[in-house]
Structure formats: C-alpha cells, structure tokens
Amino acid sequence: MRSAPATGVGPSFEVAYKEQRLPLLRLAVLLTGSREHAEDAVQAVFTAAFPRWNSIAQPLSYLKRAVVNSCADVHRRRARDRRAVLDREPVTGIPEVDETWAVLRELPPRQRAVVVLHFYEDLPLVEIGRLLGRPAATVRSDLRRALDTLRKDLA
Amino acid sequence: MTTDQLDIDPVLERRLRTSLAAVAAAVTADSAPAPSGPGLDSPPPGRRPRRLAAVAGVTAGTLSLAAFAYLQSGPEYVSELPPPDVLSSGEVEGVRYWLVPSFHEDVCGRPMAGVEIVSAATNQVGQEWSTGGMAYGDPREGERPGCDRWDETAWLADPSRAAVDWMRLGEGDDGPWGGMAAVHPDVTHLVVEVDGTTLPPVPTRPREDAPDGPRYGVVGVPDDTDVATITLQDGTGRAVAVHEERLSALGVPAAD
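Heads up: the protein sequence lines correspond to chains R and G, in order. For any residue, its number in our numbering is found by taking its place in the first sequence, counting from 1, and adding 8. For any residue, its number in our numbering is found by taking its place in the second sequence, counting from 1, and adding 20.
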C-alpha cells in the first residue's frame, strides 16, 4: 500500500484513518440511517483526501465536514433510487432507544442532519448552518420542525 | 442564535442525546484498510463491488449503486446522450449539461416530480444515471421515506416563490456548478450574476405535461465561483425575486 507522506501540521493519513474512521462512521450512520451508505461515504471521503492530504490545513475538521456533505449526497442519490430502502431492524435492543431511532430515521434527511449534528455532535446551529451550507434561520426552522415531529411521534 | 429560543423539552432532549449516543455506540469498526493510491492496490477484502469505485479514485458524491455494472442497459442506465426531452442545456468549463423532466421513480415506484440535471462529465452510455433533481412546491411527506409529494398550491399563488439547488457537474466534489431553478409560471428568464459579472439571461421552460405549470431553468457557473445571484424575471423584464447562494460554502471544503 502506498503511504501518504506525513504532514507537518496534523496527523499522518494513516493515523487519521485509524483514529477517525470509527467516529466518522458513527456520525455517518446517524446521518444516513444506513451502515452501508455510511461506509461508502466515509471510505469515499478518505479516498478523496488521500492524494492531497498534505495540503489540507485542518484535516480532522475537513474530514468531518466532508463526511457531512458526502452523506447529504447520499440522500440526494437515494432519493433518486427506488431500490434503496432503509433498514428497519432494531440496532441496540433497548426498546426506548430503538423506538427513538426509528422515529429519527423517518425525519426528512435535512431535519435529521440538524438533529444529529446538534444533539450528537453538540454543534451550535450557526456552525450546523455553515456545515450544511444553509442559512442559520433555516437550520433553526428545520430543528423546530424536527422536534415537533419527534415530540408528537414519541409521545 | 441559541436553541434556548426553541424551548426544547428537557426530557425529549435527554432521550435524543441518549438514543443517538447508543445507536452510535452500536456501530463497531470493521477491518477495512485505509485507502491508498488510486489504482495501485486491490480492493479491501470483503467489500461489495461498488467499493471498487471508491478505491479506484472516484471521489465522494459519485458512488453509484451499480457503478460496476457498466455493461448493463435498461431504464436505470444511460441509453443515449444527449438525453431525450431536453428542456434546456448549456456548457461551462467544457462540461456539457442538460435539464430534463424527471424520469426516475421514487421509492414507491411513482414518477418523480420536477426536473433533473444531467452532466456529460458524470454520465456515459451504458452506465447508471448520475443526476440531481428538484421539484417545485412544498414537500409533503409520503407514506414512506423517499415518497414525498410536492404541493404547488402556495407557490403558485406567489410568483416570488422558487427553489434553486446546486450540484457539481464534475466527478465527486469537483467541476463547475450547475444551478437548477424551479420557478413560477410567470417567470420566464433567470438573470445570473457570478461574482459581480452578469451572464446572458437564461430562458425557463415548462414541462411538456404541464405547459401552464411551473417552469424550470438551469445555469452553469465556474468551479471557483464564490457567490451566485439569480434574479427571476417575468415576461415584462420585471424582477420578481432574487436568490443568492454562496457556493464556496457548499459541498466538500477545498483543501487549502
């Protein structure tokens, strides 16, 4: 396997892959609702980053942003593919968690992304807006709608 | 802006945080090796065929569900280019693109509303379609995810309502931008300003099956565009709305 030269600022590509792949995969699963799509998104991001790793100023931040955007691409593609159907099996075996996850997965992708980035990644709404390329007011509106749906469906 | 303004139910917030953390914790690592040089290595063991595309250097955003099946043909695959029923087309930075009525089906098997943009850079005869689509109106959730319907009622009552969406016309996150606009039937032209330069007006067109319905247009702008502004003009040349997008904030961040 060819190695990416180590950068003088951030971690080497191999170290970043080893340390960041699982956290990014978890984030991608929450964003896409699918392990399969999440793996593809994360792998594609690392593959795209590899040849230019040394020129990426803040690689860890870059990877997270790239995964978020790659997962948005997954949603766009999936909307065009009738064969892609969400898996619906319990993932934790904890009834309340699985019930909550099932409802979360039914949210429109953009709303789910805001919920995940806010409550899992602890990002403020302004930062989420920057990540998603949406106005902060739109992000806030998405979150409000999502919470309304969740409150109703989980009651 | 704070979420305090949203008055989040603390019980719901705790449940969301706990559940998301638990679902994430249930995701365990597999043994996929790190990507390496494009084309230099075998694919990771145990991966599905389409992972080959990623390892071969295809970047994010182009992973196709059947990218490996490039010899297949059928309704899901490109049979001809330019595609049939073109509403409008253009070329930017050497990349040809076409706007066509949506020709895919949703996950419920129904024809999708609106239009799709087809880029010559990401579509080849015999390969699976790679398109981006959009529709006019407010999305209404269908019976299943991916089965949304589009309610045009409120939008048709207000000529300033429009949807504008952008996607890269090249592979992955590279290449010029294609901007699709779904506009009110009164809007006949899009006037596009790119980083302070105004481009020639782009005519909008309706779908053939709804000649008096919403109209659609497409614009192509260079890869390095920072801000694109689209002014919607009616038949008299009057501006009915302006849509501005900071393209540099979209997509995968540039490596700098």
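Think of the CB as a built atom: it goes at the ideal place given N, C-alpha and C, for glycine as much as any other residue.
Scanning G:28, G:134, G:215 and G:49 for the CA closest to the CA of residue 238 (chain G) turns up G:134. Taking the Cα of residue 105 (chain G) as reference, the smallest distance to any Cα among G:222, G:114 and G:138 is reached at G:138. Less than 8 Å divides the Cβ of residue 191 (chain G) from the Cβ of residue 141 (chain G).
Residue 61 (chain R): not part of any beta strand (DSSP E); DSSP gives it neither H nor E. The beta carbon of residue 108 (chain R) sits closer than 8 Å to some beta carbon of chain G. Within the region 22 to 33 of chain R, the residues whose Cβ lies closer than 8 Å to some Cβ of chain G are 22, 25, 26, 29, 30 and 33, listed in chain order. Not one beta carbon of chain R lies nearer than 8 Å to the beta carbon of residue 227 (chain G). The beta carbons of residue 205 (chain G) and residue 234 (chain G) sit closer together than 8 Å. Per the Cβ contact rule, the region 116 to 131 of chain R is not in contact with the region 43 to 57 of chain R (fewer than 3 Cβ pairs under 8 Å).
With a beta-carbon spacing of about 14 Å, residue 40 (chain G) and residue 151 (chain R) fall beyond the 8 Å limit used to define contacts. Residue-level contact by beta carbon holds for residue 100 (chain R) and chain G, with a gap shorter than 8 Å.
Straight through space, the alpha carbons of residue 255 (chain G) and residue 207 (chain G) are spaced by roughly 7 Å.
Taken in chain order, the whole alpha helix (DSSP H) runs of length 4 or more contained in the region 164 to 243 of chain G are 173 to 176.
Here the C-alpha atom of residue 100 (chain G) lies approximately 38 Å from the C-alpha atom of residue 258 (chain G). Not flagged as an interface residue toward chain G: residue 125 (chain R), since no C-beta distance is shorter than 8 Å. In this structure, residue 214 (chain G) and residue 248 (chain G) form a Cβ contact; the two beta carbons are roughly 5 Å apart against a cut-off of 8 Å. Scanning chain G for C-beta atoms nearer than 8 Å to the C-beta of residue 105 (chain R) yields 38, 39, 42 and 43, reported in chain order. For residue 158 (chain G), DSSP records a beta bridge to G:171.
When the beta-carbon positions are compared, residue 139 (chain R) and residue 125 (chain R) come within less than 8 Å of each other. With respect to the 8 Å criterion, residue 119 (chain R) and residue 159 (chain R) are not classified as neighbours on the basis of their beta carbons. According to DSSP, residue 110 (chain G) shares a beta bridge with G:117.
Distance from the CA atom of residue 210 (chain G) to the CA atom of residue 266 (chain G), rounded to whole angstroms, is 17 Å.
Apart from the 5 residues on each side of it in sequence, residue 188 (chain G) sits with its Cβ closer than 6 Å to the Cβ of 195 in its chain, given in chain order. Take the alpha-carbon of residue 155 (chain R) and the one of residue 28 (chain G): they are about 8 Å apart. In this structure, DSSP gives residue 136 (chain R) a helical state, which the three-state scheme calls helix. In this model, residue 31 (chain G) and residue 163 (chain R) are separated by some 11 Å (Cα to Cα). Residue 126 (chain R): member of the alpha helix (DSSP H) spanning 117 to 127, first to last residue. Distances from the CA of residue 157 (chain G) to each of G:126, G:37, G:143 and G:180 were compared; the closest alpha carbon is that of G:180.
When C-alpha distances from residue 107 (chain G) are compared across G:98, G:113, G:244 and G:121, the shortest belongs to G:121.
Residue pairing for residue 253 (chain G): DSSP places it in a beta bridge opposite G:209 and G:259.
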